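For reference, the structure is listed below as structure tokens.
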Amino acid sequence: MGDIKLILRQLKELIKKEMLILLRDRQTILLLFLMPVALILFLSLAMEGVWTDRLTGRKIQLVVENESKLPKANLLEGKIKSNKMIQHVERPQGMDNDQIFADGRVHAVVTIPKGFDEGGKPVEIYFDPVIDASYKIATRSLITSLTVEVVMGIENLDAVVAGLVVEKTRPNKEFPSPLQQNVPAYTIFAMFFIAIPMSIGFLKEKKDGTLQRLFTYPVNTNLVILGKIIPYYLINIFQFILMLLVGVYIMSHIISFSFHLGEHPWHMLPVTMVVAAATTSFGVLVAALARTPEQSSTLAATGAILMGVFGGI
0 MGDIKLILRQ LKELIKKEML ILLRDRQTIL LLFLMPVALI LFLSLAMEGV WTDRLTGRKI
60 QLVVENESKL PKANLLEGKI KSNKMIQHVE RPQGMDNDQI FADGRVHAVV TIPKGFDEGG
120 KPVEIYFDPV IDASYKIATR SLITSLTVEV VMGIENLDAV VAGLVVEKTR PNKEFPSPLQ
180 QNVPAYTIFA MFFIAIPMSI GFLKEKKDGT LQRLFTYPVN TNLVILGKII PYYLINIFQF
240 ILMLLVGVYI MSHIISFSFH LGEHPWHMLP VTMVVAAATT SFGVLVAALA RTPEQSSTLA
300 ATGAILMGVF GGI
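If you count by numbering that gives the first Met the number 0, then the sequence shown holds residues 0 to 312, one letter each, in order.
Laid out in structure tokens, this is it:
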């Protein structure tokens with residue numbers, strides 16, 4: 000019993016020593032907590048428009064120009080403008096295609112040329128050079144089907160195709176919002192940067208002889224290592240919890256989407272503990288491989304970024 004009390008007292012003092020060293024480096028502590036907040040905020044703002052387009056189905060913005068003015072051309076023009084997937088945009092006076100594309104006003108310009116009614120010239124579509132591939136495919140498919148309806152005299156091509164091709168989509172498919180993706184993703188990403196102060200601390204104590212002096216006392220080597228790991232492990236746990244609270248109570252008021260922890264938030268506890276163990280183990284690995292503080296900071300940052308890339312963020 001006496002040995003256990005001695006070990007626990009030694010461990011407590013080792014953890015206290017490490018915490019005091021950490022708290023002196025306020026810039027690093029602030030970085031560990033502010034970096035994920037900044038990543039979550041700015042990347043969620045950047046993804047907000049993309050997510051909205053995917054959720055609401057943004058309309059295709061087109062300029063439609065009818066140079067023919069003959070019956071079939073007029074019919075095609077009317078079908079394009081009245082289609083529910085199209086948002087018709089009038090060409091601003093004095094602006095050519097390059098200018099309206101540069102302004103981001105439209106996705107494409109559709110021109111019905113003279114000679115279309117006689118079958119001499121096809122419909123022309125000019126696309127914005129930076130248009131998303133999905134919009135380009137959707138626009139080309141839609142204009143093609145409407146043109147076929149006019150040329151072939153078919154009233155509703157979609158109804159004809161529906162009798163030949165049946166589309167089935169899995170119901171209740173929900174897209175995670177930017178916050179639902181970014182809060183856990185970039186929190187875990189930032190947790191791995193704990194390896195930088197952790198490995199630098201190991202190397203500094205090794206260089207200035209602190210570790211050697213500790214080993215002159217009757218303290219187990221594993222206990223010394225454990226005393227250095229536990230504070231960083233606790234910081235990672237606190238970091239994860241704090242970022243979740245930031246997502247729920249702060250980011251939801253800045254971003255137009257909410258962040259929720261799901262029906263069983265306690266299921267995240269074992270995941271958090273395992274991730275914190277992985278990040279601190281990564282710090283020990285970096286400290287073992289590096290020879291100088293500069294090497295450790297470079298190796299830890301590069302490793303964290305590469306793991307983030309391979310992990311999909």
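Quick reminder that beta carbons are idealized off the backbone N, C-alpha and C, glycines included.
Computed from a predicted model, the values in this text were never measured in an experiment.
Q. Would you say Val62 and Val108 are within 8 Å of each other, going by their C-beta atoms?
A. Stepping through the sequence shown from its first residue, residue 62 is reached at position 63. Stepping through the sequence shown from its first residue, residue 108 is reached at position 109. A Cβ-Cβ contact shorter than 8 Å links Val62 with Val108.
**Q.** Euclidean distance between Cα positions of Thr301 and Ala194
**A.** As a working note, residue 301 is residue 302 in the sequence shown. As a working note, residue 194 is residue 195 in the sequence shown. Cα to Cα, the separation comes out at about 11 Å.
Q. Taking the continuous beta strand (DSSP E) assigned at Leu61, which residues delimit it?
A. Looking up residue 61 in the sequence shown gives position 62. Leu61 -> beta strand (DSSP E) spans Ile59 to Asn65.
**Q.** Status (buried if at least 16 other CB within 10 Å, exposed otherwise) for Pro35
**A.** Taking the sequence shown and counting its residues from 1, the one referred to as residue 35 is at position 36. Buried, because 16 or more other Cβ atoms sit within 10 Å of the Cβ of Pro35.
Q. For Tyr232, which residues of its own chain have a beta-carbon under 6 Å away from its beta-carbon, when the five flanking residues on both sides are left out?
A. Residue numbering aside, residue 232 sits at position 233 when the sequence shown is read from its first letter. Cβ within range, chain order: Ala275 and Thr279.
(Q) Taking DSSP's pairing of strands, which residues face Val108 in a bridge? (A) Mapped onto the sequence shown, residue 108 falls at position 109. According to the DSSP secondary-structure assignment, Val108 is paired through a beta bridge with Val62 and Tyr125.
Q | Leu260 to Arg139 span [Cα, whole Å] | A | Position 261 of the sequence shown, counted from the first residue, corresponds to residue 260. Position 140 of the sequence shown, counted from the first residue, corresponds to residue 139. Note on geometry: alpha-carbon atoms of Leu260 and Arg139 lie some 41 Å from one another.
Q) Touching or not, the segment 291 to 311 and the segment 248 to 257, by the rule of three or more beta carbon pairs under 8 Å? A) They do not touch, by the three-pair rule.
Q. Who are the near neighbours of Ser198 in its chain, counting only those whose CB is closer than 7 Å to its CB and skipping five residues on each side?
A. The count along the sequence shown starts at 1 and reaches residue 198 at position 199. Counting only Cβ-Cβ distances below 7 Å, and skipping sequence neighbours, we find Gly282, Val285, Ala286, Ala289, Ser295 and Ala299.
(Q) What residue range does the alpha helix (DSSP H) around Gln86 cover? (A) Numbered from 1 along the sequence shown, position 87 holds the residue referred to as residue 86. Taken as a continuous stretch (DSSP letters only), Gln86 belongs to no alpha helix (DSSP H), being part of the beta strand (DSSP E) at Ile85 to His87.
Q. Which residue comes first and which comes last in the alpha helix (DSSP H) that contains Glu148?
A. What you label residue 148 is simply residue 149 of the sequence shown in a count that begins at 1. For Glu148, the enclosing alpha helix (DSSP H) stretches over residues Ala132 to Met151.
Q. Apart from the five residues on each side of it in sequence, which residues of its chain come closer than 7 Å, Cβ to Cβ, to Thr27?
A. For the purposes of this step, residue 27 is taken as residue 28 along the sequence shown, with counting starting at 1. Excluding sequence neighbours, Thr27 sits near Pro196.
Q.
What does the Cβ neighbour count give for Ser81, buried or exposed, with the cut at 16 atoms within 10 Å?
A. For the purposes of this step, residue 81 is taken as the residue at position 82 of the sequence shown. Result: exposed.
Q | Spatially closest choice to Ala184 from Leu40, Val129, Gln211 and Ala137, by CA coordinates | A | As a first step, residue 184 must be located in the sequence shown, where it is residue number 185. Closest in alpha carbon position to Ala184, among Leu40, Val129, Gln211 and Ala137, is Leu40.
(Q) Between the segment 217 to 233 and the segment 10 to 26, can you find at least three pairs of beta-carbon atoms closer than 8 Å? (A) Contact between the segment 10 to 26 and the segment 217 to 233 is present: 3 or more CB-CB pairs across the two stretches fall below 8 Å.
Q: Please report how far the alpha carbon of Ala72 lies from the alpha carbon of Gln86, in whole angstroms.
A: Within the sequence shown, residue 72 is the residue found at index 73, counting from 1. Within the sequence shown, residue 86 is the residue found at index 87, counting from 1. Rounded to the nearest whole angstrom, the CA to CA distance from Ala72 to Gln86 is 19 Å.
Q: Mark Pro230 as exposed unless 16 or more other C-beta atoms lie within 10 angstroms of its C-beta, in which case mark it buried.
A: Along the sequence shown, one-based indexing puts residue 230 at 231. By the neighbour-count rule (16 or more Cβ atoms within 10 Å), Pro230 is buried.
(Q) Spatial neighbours of Ile187 within its chain, please: C-beta separation below 6 Å, excluding the five flanking residues on both sides. (A) Translated into the one-based positions of the sequence shown, residue 187 becomes position 188. Excluding sequence neighbours, Ile187 sits near Val274.
Q. Alpha helix (DSSP H) containing Ser198: first to last residue?
A. Start at 1 with the first residue of the sequence shown, and residue 198 comes out as number 199. It spans Ala194 to Asp207 - the alpha helix (DSSP H) in which Ser198 sits, taken as one unbroken run.
Q: Report buried or exposed for Pro177, applying the criterion of at least 16 other Cβ atoms within 10 angstroms of its Cβ.
A: Taking the first residue of the sequence shown as position 1, residue 177 is located at position 178. Of the other Cβ atoms in all chains shown, 16 or more fall within 10 Å of the Cβ of Pro177; this residue is therefore buried.
Q. Leu19: which of Leu69, Asn219 and Gly200 sits nearest, CA to CA?
A. Mapped onto the sequence shown, residue 19 falls at position 20. Of the candidates Leu69, Asn219 and Gly200, the one whose C-alpha sits nearest the C-alpha of Leu19 is Gly200.
Q. Between Thr110 and the rest of its own chain, which residues show a CB-CB distance below 6 Å, the 5 nearest in sequence each way excluded?
A. The residue given as residue 110 occupies position 111 in the sequence shown. A distance below 6 Å between beta-carbons, with the five flanking residues on each side excluded, links Thr110 to the following residues of its chain, in chain order: Glu64 and Glu123.
(Q) Taking the alpha-carbon of Ser67 as reference, which of Gly119, Thr291, Pro91 and Val218 has the nearest alpha-carbon? (A) If you number the sequence shown from 1, residue 67 lands on position 68. Closest by alpha carbon: Gly119.
Q) When DSSP labels each residue in this structure, what does Val245 get in the three-state scheme? A) Here residue 245 is taken as the residue at index 246 of the sequence shown, counted from 1. Here DSSP, grouped into helix, strand and coil, assigns Val245 to helix.
**Q.** Integer-rounded CB distance, given that Gln238 should sit under 8 Å from Phe32
**A.** Along the sequence shown, read from residue 1 onward, the residue named residue 32 stands at position 33. Along the sequence shown, read from residue 1 onward, the residue named residue 238 stands at position 239. Contact flag correct, Cβ pair sits at about 6 Å.
Q. In chain order, what residues of the same chain lie with their CB nearer than 6 Å to the CB of Phe115, ignoring the 5 residues before and after it?
A. Residue numbering aside, residue 115 sits at position 116 when the sequence shown is read from its first letter. The residues are Ser67 and Ala72.
Q.
Just to check my reading of the structure: Phe191 and Met306 have Cβ atoms closer than 8 Å, yes? What is that Cβ distance to the nearest angstrom?
A. Along the sequence shown, read from residue 1 onward, the residue named residue 191 stands at position 192. Along the sequence shown, read from residue 1 onward, the residue named residue 306 stands at position 307. Contact flag correct, Cβ pair sits at about 7 Å.
Q) Between the Cα of Asp2 and the Cα atoms of Glu17, Ser144, Asn219 and Lys58, which residue gives the shortest distance? A) Locating residue 2 in the sequence shown gives position 3, where the first residue counts as 1. The shortest Cα separation from Asp2 among Glu17, Ser144, Asn219 and Lys58 belongs to Asn219.
**Q.** Val105 versus Gly311 - alpha carbon distance
**A.** Within the sequence shown, residue 105 is the residue found at index 106, counting from 1. Within the sequence shown, residue 311 is the residue found at index 312, counting from 1. Approximately 32 Å between the Cα atoms of the pair.
Q) For the candidate residues Gln60, Leu21 and Leu210, whose alpha-carbon lies nearest to that of Ile142? A) Taking the first residue of the sequence shown as 1, we reach residue 142 at position 143. Of Gln60, Leu21 and Leu210, the residue nearest in Cα terms is Gln60.
Q: Using alpha carbons as the reference points, say which of Glu148, Tyr134, Arg25 and Val129 lies closest to Asp102.
A: For the purposes of this step, residue 102 is taken as residue 103 along the sequence shown, with counting starting at 1. Selected option, being the one with the closest Cα: Val129.
Q: Just confirm the distance between the C-beta atoms of Phe100 and Val182, as a whole number of angstroms; I'd bet it's less than 8 Å.
A: For the purposes of this step, residue 100 is taken as residue 101 along the sequence shown, with counting starting at 1. For the purposes of this step, residue 182 is taken as residue 183 along the sequence shown, with counting starting at 1. Between Val182 and Phe100 the Cβ distance is about 36 Å, and since that is not below 8 Å, they are no contact.
Q) For the ligand MN, is there a heavy atom less than 7 Å away from the beta-carbon of Thr186? A) For the structure depicted, the ligand MN is absent and the ligand set is empty, with no information on it obtainable.
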